[in-house]
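Okay, so here's the structure we're looking at.
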Amino acid sequence: MTTKKKTTKKKPSKKKGAKKRVVKKKAPIKKWQATPKQKRFIEEYPIDFNGTQAAIRAKFSKKTAAQQATRLLKNVHIQAAIQKRVGKLTTKVDITVERIVSELAKVGFSNLGEYFRISKDGEPYIDLSAITEEQSAALQEIMVEDFTDGRGDDARNVRRVKIKTLDKLNALDKLGKYLGMFVDRINLTGEIGIKRIERVIVDPEARGKRK
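Be aware that the sequence shown starts at 8, since it is given in our numbering, and climbs by one per residue.
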């Protein structure tokens, strides 16, 4: 009868002073989420692009609204959210540079003579019966007033129509800025160095030739 000897494998001895390697798991990147006030600010800002007023409408304190608006507009996440919202709004209502320039041109080049006619007696009167869509786009307000002129048998019903056009100079100024015609230059004049801002009209074509 033979007996078998059991052999046991010796475990490798751990060296003294050896350190265990610890693998740290990367923490999952948290997706940025806006607070309720930040969401409201993102919605309000594209209305008038006034940071302070948007912050007030978003229920931030009126006292610190300006500072809050500055802080919010520096946040890259909020900037991206505002750009995304503006993009959606402009696409929805079909806002393009060409359309804006076209609307400004309607106002800037409007003429009051387009809304008047001359009667047989040589008196001018307002006549809106034949105005075009472009001409009506330059009107800001139409006021109609009905009243009685005179007394007794001489009384007669009168209708007075008044119109108010949009600001031509403001529209032309914006068109000029878009075309690069207006350049603001600051000159220092006088012994005390008083700043004087001069607006110079520049011909864009002539400026291009000088380059």
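Backbone N, C-alpha and C define an ideal beta-carbon position, used for all residues, glycine too. All of these numbers come straight from a predicted model, not from anything done at the bench.
Residue i and residue j closer than 8 Å at C-beta
i      : j      : result
ALA76  : THR59  : yes
ALA73  : GLU51  : no
LYS113 : GLN147 : no
LEU96  : PHE48  : no
GLY120 : LYS175 : no
ASP153 : ARG166 : yes
SER109 : GLN142 : no
LYS69  : ILE63  : yes
Per DSSP, cross-strand counterpart(s) of residue i
i      : result
THR155 : ASN164
PRO131 : ILE125
THR172 : LEU146
Three-way DSSP call (helix, strand, coil) for residue i in this model
i      : result
PHE48  : helix
VAL100 : coil
THR139 : coil
ALA65  : coil
ASN82  : coil
SER117 : coil
LYS41  : Here residue 41 turns out to be Ala, not Lys, going by the sequence shown. Correct three-state label for ALA41: coil.
THR59  : helix
LYS181 : helix
GLN75  : helix
Whole-Å CB distance - residue i paired with residue j, under 8 Å assumed
i      : j      : result
ILE138 : PRO131 : Not quite, the Cβ-Cβ distance comes to about 15 Å (not below 8 Å), so this is no contact.
ALA178 : LEU111 : 5 Å
ARG145 : LEU173 : Just to set this straight, residue 145 is Ala in the shown sequence, not Arg. Contact holds; Cβ gap of about 6 Å.
Burial state of residue i (16 or more Cβ within 10 Å)
i      : result
ILE257 : The structure shown does not extend to residue 257, since the chain spans only 8 to 218, so no value can be given for it.
TYR185 : exposed
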